[in-house]
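The opening position of the sequence shown corresponds to residue 10 in the numbering used here, with each subsequent residue numbered one higher.
The block underneath contains the structure these notes are about, expressed in C-alpha cells.
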Amino acid sequence: MFGRKPTGNRLKPTTAPRPAERAAPRQRLGFSSWRDQHLYSLFSSLGRLVARPWATALTALVMGLALALPLLFLVLLNNARSLSGGWQDAREITVFMQPASDDAAAAALAQKLSARADVVAVKRKTPQEGLDEFRAMSGFADALDVLKYNPLPNVLIVTPREPARGQDPAVLAALKAESGVDLVQYDASWRRRLGAILELAQRGVFVLAGLLGLATLLVVGNTVRMDIQARAEEIAVMQLIGASPGFVRRPFLYTGIWYGLFAGAFALIAVFAVQFALSGPVGQLLDSYDHRFVLQGLNPLAAASVPFVSAALGWLGAMLATARHLAEGHPE
C-alpha cells in the first residue's frame, strides 16, 4: 500500500509565452499610440487655425499669391510656346522678283529651283493673286480699285529642306545671287531670337519660383515662430513633465502643412480664375487675325503637384522655426 501512487487529477505545467508573442501586443500598442498622437496633432492644429479664421486666411492668401505668380507666368510661357510653335517650324523663303520681271522669268526661276535637291517645294504667286489676297485681308478694296496698275511683283515661296541647327539653307545664297531677284526674305533670325527669348523667360520663371518659394517658406516660419512664442508656457510645462522634442514639435509641423495646403488651394483658384477671365478676350483677339487658339491652363500633373509642393514648403518652414526655437528647450 505504501508503494501505490496517488491517482487524482494533477495540474499540468503551463508554458510561458514566447518573447515574440509578448512583443506583438506591445508593437500594436506602440503603433496605435503613434497613430493617435499624429491624428490628435493633425486635427488639433487645424482646430487652432479655424479658431482664428481671419489671421489664417490672410496668411494663406499671402502665401497663395506668392505661389500663384510663378504658376501664372508658367501658363503664359506655355501658351506663348504653343502659339509660336507654327512660326518656329516655318522655314519658307520668300523671293520677291524685280518689278520689271515678267511671268515667264518667274516661272523659269521656279522650275530651276524645283530641280534642286535641297528644295522641297516652290510656289509661285502672280501679281494678280497677290493683289486679290491683299484686297481680301486688308479691307481696302475700294482704295485698290483706284490704282491704275498693279504694283506687286511676282513672288516665289521656296520651302527648303531642314538645314543643320543654327545654319541657313544653301539655296538662300543662290537666290540672292540670281538676276531678276529684288529681295530674298528668310526670317530665321527673328525665329532664333524668339526661341532665345522663350528660353530666357523659362529660366526667369524658375528663378522667380525659387525666390517666391523662399518667401513662402519665410512667411510660414515667422507665423509658426509667433505661435511658438504665444504658447511658450504650455511648451515649458510639456517639457517639464518629460515631453520629447518630437511631441512638442509635431503640432507646429502640422500647422505648417495646413498653411501650405490652404496656400496651394488659393494659388490654384487664382490661376483658374485668371485663365477664365482671359480666355474670352484672348480668343476674340486671335480670331480677328484668323487664328484659332484656345488658352491653355496648367496640365493635370502640374495642378496636382501644387498642393504637395506648397505643403512641403509649409512643413519645411515650420521645421526650421521649431528647430530654431525649441533646440535648447526655451521657446521664448
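Backbone N, C-alpha and C define an ideal beta-carbon position, used for all residues, glycine too.
1. On the DSSP letters alone, give me the boundaries of the beta strand (DSSP E) that K134 sits inside.
2. Under 8 Å by Cβ, that's how I've got P79 and A218 pegged, so tell me the actual separation to the nearest angstrom.
3. Just tell me which of I102, Y263, T103, A113 has its CA closest to the CA of Y49.
4. Per the DSSP calculation, F105 is bridged to which residue(s)?
5. Should Y268 be labelled buried (16 or more other beta-carbon atoms within 10 Å of its own) or exposed?
6. Within the same chain, show all residues whose beta-carbon is closer than 8 Å to that of R202, passing over the 5 residues directly before and after it, in chain order.
7. Who are the near neighbours of A32 in its chain, counting only those whose CB is closer than 7 Å to its CB and skipping five residues on each side?
8. Would you report the Cα separation of L83 and T135, rounded to the nearest angstrom?
9. Quick one: Cα of S319 to Cα of V280, how far?
10. Mind checking whether V167 and E208 have CB atoms under 8 Å apart?
11. What separation, rounded to the nearest whole angstrom, lies between the Cα atoms of D296 and F271?
12. Taking the C-alpha atoms as reference points, what is the distance between S54 and L322?
13. Using C-beta distances below 7 Å, list every residue in its chain close to L92, excluding the 5 sequence neighbours before and after it, in chain order.
14. Determine the burial state of G326: buried for a count of at least 16 other Cβ atoms within 10 Å of its Cβ, exposed for fewer.
15. Put P254 into one of helix, strand or coil per three-state DSSP.
16. Using DSSP with H/G/I as helix, E/B as strand and the rest coil, what is P178?
17. Between A130 and the rest of its own chain, which residues show a CB-CB distance below 7 Å, the 5 nearest in sequence each way excluded?
18. Counting only runs of 4+ residues fully inside the region 198-259, write out the alpha helix (DSSP H) ranges in chain order.
19. Rounded C-beta distance between A115 and L165? I'm assuming under 8 Å.
20. Can you give me the Cβ contacts of W324 inside the same chain, cut-off strictly under 8 Å, excluding the 5 residues immediately before and after it?
21. Answer yes if the region 281-293 comes into contact with the region 177-193, meaning at least three C-beta pairs across the two stretches below 8 Å, and no otherwise.
22. Going straight from the alpha carbon of T103 to that of A109, what length do you get?
23. With a cut-off of 8 Å on the beta carbons, I'd call Q305 and N88 a contact; round off their distance for me.
24. What does the alpha-carbon distance come out to for the pair I244 and Q211?
25. Which of the three DSSP states, helix, strand or coil, is assigned to R31?
26. Between which two residues does the alpha helix (DSSP H) containing Q120 stretch?
27. Are the beta-carbon atoms of V283 and L81 separated by less than 8 Å?
28. What is the residue span of the alpha helix (DSSP H) that S319 lies within?
29. Are the beta-carbon atoms belonging to Q107 and P160 less than 8 Å from one another?
30. Please report the Cβ distance between M247 and V233, rounded to the nearest whole angstrom; I am assuming they are in contact, meaning their Cβ atoms lie under 8 Å.
31. Would you decide whether P260 is buried or exposed? Buried here means 16 or more other CB atoms lie within 10 Å of its CB.
32. Write down the C-beta distance between M328 and T225 rounded to the nearest angstrom, noting that I regard them as a contact closer than 8 Å.
33. Per DSSP, which residues does P169 bridge with? Please list them.
34. Taking the beta carbon of Y195 as the centre, do at least 16 other beta carbons fall within 10 Å, making it buried, or is it exposed?
With the structure as the only source:
1. 128-134
2. 4 Å
3. Y263
4. V164, L192
5. buried
6. none
7. In this predicted model, A32 has a pLDDT of only 48, less than 50, meaning its place in the structure is not dependable enough to derive any value.
8. 44 Å
9. 15 Å
10. no
11. 38 Å
12. 17 Å
13. F302
14. buried
15. helix
16. coil
17. T168
18. 241-249
19. 7 Å
20. L262, G265, I266, G269
21. no
22. 18 Å
23. 6 Å
24. 45 Å
25. Confidence at R31 is low in this model, with a pLDDT of 49, below 50, so the placement of that residue is unreliable and no value is reported for it.
26. 112-123
27. yes
28. 309-335
29. no
30. Between V233 and M247 the Cβ distance is about 16 Å, and since that is not below 8 Å, they are no contact.
31. buried
32. Going by Cβ atoms, the distance from M328 to T225 rounds to 14 Å, so no, they are not a contact pair.
33. V128
34. buried
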